[in-house]
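In terms of the working numbering, the sequence shown is numbered consecutively and its last residue is 472.
Cβ coordinates follow ideal geometry from the N, Cα and C atoms, glycine included.
The structure displayed is predicted, hence computed values, not measured ones.
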Amino acid sequence: MDFPMIDRELHEECGVFGVYGVPDASTLVYYGLHALQHRGQEGCGIVSVDDTGRLRRIKGEGLVTEVFKEPALATLGGSMAIGHVRYSTSGGGGIENVQPFMFRHNTGDFALAHNGNIVNSRQLRDHLENRGSLFQSSSDSEVFAHLIKKETKFRDRPRIYAIVDALNMLEGAFAFVVMTANRIYACRDKYGLRPLSIGRLGEGYVVSSETCAFDVLGAEFVRDVEPGEIVTIDAHGLRSTDYSHYKRRQMCAMEYIYFARPDSDIEGCNVHAFRKESGRQLFREAPAQADIVVGVPDSSLSAAMGYAEAGGLPYEMGLIKNKYIARTFIQPSQSMREKGVRMKLSAVRSIVRGKRVVLIDDSIVRGTTSRRIVGMLRDAGATEVHVRIASPPMTDPCFYGVDTSTYDELISARLDIEGVRREIGCDTLAFLSEQALYAAGGRSELCTACFTGRYPTALYTAREEANKDGKF
Ligand code: SF4
């Protein structure tokens with residue numbers, strides 16, 4: 001049967017990409033952003049440095065294939081460019097919030113692109129506005145640019161000192177690429193919450209939120225930018241500067257569970273391999289008496305394979321996703337999502353009819369999606385539906401650039417596991433433990449705040465501001 005209107009409920013904020021020292025850099029950034037399109041569909045932009053050292057930009061609302069057209073893209077000449085794909089959460093939508101941002105300054109123009117969320121941006125913004133700063137957008141990313149220019153202790157020294165000072169004032173999650181007329185700086189927050197990797201392409205370098213974009217360009221992975229590190233890329237090659245001695249490895253667990261593409265490697269661990277192992281762990285923790293294992297496409301398929309493999313059960317394509325409606329994901333707000341943003345799924349009647357089905361999903365956010373899928377499988381003739389979730393119950397919102405939900409909307413913040421089971425209408429329900437999540441990636445550190453409420457950073461007033469904005 002065909003099932004109407006299913007939205008996956010979770011959205012990443014952004015992806016960043018940069019190219020240094022390769023001819024026609026902006027076209028390469030275009031392909032890189034296309035590979036990162038899953039990280040944001042609301043808007044995108046590219047800034048290049050032409051042969052005279054001038055920064056040029058194209059940006060717009062929409063998908064990569066809609067914003068960049070052939071003759072216009074060719075006007076972005078040069079061998080250095082950065083780009084950005086955006087899904088708006090903090091700062092809201094609108095063309096003024098589409099990145100990269102470009103700044104003109106008598107000490108040299110520069111551009112920046114950001115993935116993540118600065119939790120003390122309100123305080124920094126107030127401070128800067130009181131000292132005369134005028135902001136062009138409501139994005140927290142612009143705060144970083146003002147800090148670079150206003151707050152450095154070393155006005156007559158190289159720009160890297162200003163970037164070090166500015167980064168030390170930021171709290172939260174970020175992967176920044178900053179481009180001047182002759183170099184690119186790639187920076188990661190000291191907690192390591194957002195991914196950022198460096199690759200080699202011919203005589204030059206590429207920087208990307210995910211390594212899947214390297215494969216598209218034929219680039220070779222070099223290394224990840226480390227937490228608390230700035231990697232400078234210029235005519236001298238790569239140089240490393242630690243801006244903080246406090247370093248953690250608290251990568252966002254949801255990157256592995258849901259956001260990243262399965263062909264990406266994050267901090268040395270392949271995303272598909274992580275998900276598959278989480279599925280194996282899930283079977284060990286919560287085996288089900290069933291005939292077939294079905295995963296919710298696409299992000300749960302790897303975990304479903306692992307669950308089936310560990311349990312010696314057939315893995316079946318019981319759900320099919322219509323791949324050609326991704327354009328609908330462009331709307332960012334909840335009201336817009338309710339109006340139209342959906343992922344269309346179909347249950348394959350001939351596969352699930354008369355079967356006891358284990359349904360594997362990566363997470364439950366509001367519960368509405370799970371309820372609909374369980375109903376769809378029953379309508380298609382499944383005799384039992386056992387839901388297994390390859391992550392712990394999501395009980396707390398994210399303040400680091402992921403559009404989860406309010407406490408009220410998170411079903412596991414309101415209900416215990418039995419309550420959630422009743423609400424989504426399955427026969428049995430189990431979640432992966434936090435310990436198994438660490439084991440799946442062979443990691444001792446991860447951010448699991450949306451499952452535990454243990455936030456790795458101070459939150460300043462982020463929670464209250466979200467409340468004020470009607471988010472919580
Ligand atoms: S709170 Fe959750 S979604 Fe946000 S960074 Fe941490 S693990 Fe990722």
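Item                                                                                                     : Value
Contact under 8 Å by Cβ, H146 with L128                                                                  : yes
Where S264 falls: helix, strand or coil (DSSP)                                                           : coil
L124 beta carbon near ligand 1 (any heavy atom closer than 7 Å)                                          : no
Near ligand 1: A173 beta-carbon under 7 Å from a heavy atom                                              : yes
Identity of the residue in R378, T395, A347 nearest I364 by Cα                                           : T395
DSSP state of G77 mapped onto helix, strand, coil                                                        : coil
T448 CB to nearest heavy atom of ligand 1 below 7 Å                                                      : yes
T65 - DSSP class collapsed to helix/strand/coil                                                          : helix
T52: CB within 7 Å of a non-hydrogen atom of ligand 1                                                    : no
Simplified DSSP state of L459, which is helix, strand or coil                                            : coil
For L429, the first and last residue of its enclosing alpha helix (DSSP H)                               : Per DSSP, L429 belongs to no alpha helix (DSSP H); it is in the beta strand (DSSP E), 428-431.
Candidates E445, V348, A458, of which the one nearest P227 by Cα                                         : E445
Residues near R239 in its chain [Cβ-Cβ closer than 6 Å; skip 5 each side]                                : T232
G116 beta carbon less than 8 Å from that of G172                                                         : yes
Alpha-carbon to alpha-carbon, R249 and G108                                                              : 34 Å
Terminal residues of the beta strand (DSSP E) in which H114 lies                                         : 110-118
M254 beta carbon near ligand 1 (any heavy atom closer than 7 Å)                                          : yes
Within the segment 274-329, ranges of the alpha helix (DSSP H) (whole runs, at least 4 residues)         : 301-311
T457 burial status per 10 Å Cβ neighbour count (16 or more: buried)                                      : buried
L167, enclosing alpha helix (DSSP H) - first and last residue                                            : 159-169
Assigned secondary structure, E423 (DSSP; H/G/I helix, E/B strand, else coil)                            : helix
T368 versus I424: straight-line alpha-carbon distance, rounded                                           : 7 Å
Option in G237, H245, R194 with minimal Cα separation from D224                                          : R194
Inter-stretch contact (C-beta, 8 Å, three-pair minimum) for the segment 259-278 and the segment 370-383  : no
Continuous alpha helix (DSSP H) assignments of at least 4 residues falling wholly in the segment 331-404 : 334-339, 349-352, 368-379
Member of P100, E210, L282, R349 whose CA lies at the smallest distance from the CA of F431              : L282
Ligand 1 heavy atom lying under 7 Å from the CB of M193                                                  : For clarity, residue 193 is Leu in the given sequence; the question names Met instead. Yes.
Touch test, the segment 436-444 against the segment 274-288, Cβ-Cβ under 8 Å, three pairs minimum        : yes
Cβ-Cβ distance between A113 and G83 below 8 Å                                                            : yes
Assigned secondary structure, A181 (DSSP; H/G/I helix, E/B strand, else coil)                            : coil
As assigned by DSSP and simplified to three states, the class of L410                                    : coil
CB-CB length for E70 against G43, believed under 8 Å                                                     : Not a contact, Cβ separation roughly 20 Å.
Inter-residue Cα distance where the pair is I330 and R39                                                 : Annotation note: pLDDT 44 at I330 (below 50); position unreliable, coordinate value reported separately. So the alpha carbons of these two residues sit roughly 11 Å apart.
Pick from S433, F451, F221 that is closest to G202, judged by C-alpha positions                          : F221
Distance cut-off 7 Å: V365 Cβ against heavy atoms of ligand 1                                            : no
Beta strand (DSSP E) segment containing G132, residue limits                                             : Unbroken run through G132: none, as it is neither H nor E.
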